[in-house]
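Under full-length UniProt numbering, the letters of the sequence shown match residues 1 to 123, in that order.
Here a beta-carbon is modelled for each residue, glycine too, at the ideal position from N, C-alpha and C.
Heads up: the structure comes next, in structure tokens.
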Amino acid sequence: MNKFPAQLKKIRNEQNTTQDDLASQLFVTRQAISKWESGDSTPDLNNLIKLTDIFNVSLDTLVFGAEHETKVDPTEFVFDPKHNRYVRRLGKMNFWDFLAGYWWAVLAIVFVIGFFSLFWSGQ
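What follows is the structure, given as structure tokens:
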């Protein structure tokens, strides 16, 4: 059973958004929104993605009504489409995040320090 029409209407009403407001954000007509909510038509993929951004919900929640217990904090994480996952925004990195992401740089620094310490201690 297609839950999208009911989900769209439910989420739109929960966020106190009118069909006209939503239509203007998506650059479609109010009638298009009405048809989506009645199940007479469905939006294209671009509009589905825009709807998830506008309502700050996942595509699963919007289309299937799936409720996830974990929410993504958009101030701390951003979606990386190249790897198809959420990653921590730059600037919010702690020491362990740095080590996990840049372990190779730490090894290079340790190698360089070790090389120069051997060089200077040899004299």
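The beta carbon of Gln7 sits closer than 6 Å to the beta carbons of Leu62, Gly65 from its chain, once the five residues preceding and following it are set aside; these are given in chain order. From the listed residues Pro5, Tyr86, Lys82, the smallest Cα separation to Lys35 is found for Pro5.
Membership of Phe77 in the beta strand (DSSP E) is indicated by the continuous run 77 to 80. Val87 is bridged by DSSP to Val78.
A contact is defined here as three or more CB-CB pairs under 8 Å, and the segment 73 to 89 fails this definition with respect to the segment 11 to 22. Annotated as proximal: Leu26 and Lys50, with beta-carbon spacing under 8 Å. In the assembly as shown, Pro81 is an exposed residue. Its beta-carbon has fewer than 16 other beta-carbons within 10 Å. Straight-line measurement puts the Cα of Leu59 at about 13 Å from the Cα of Asn84.
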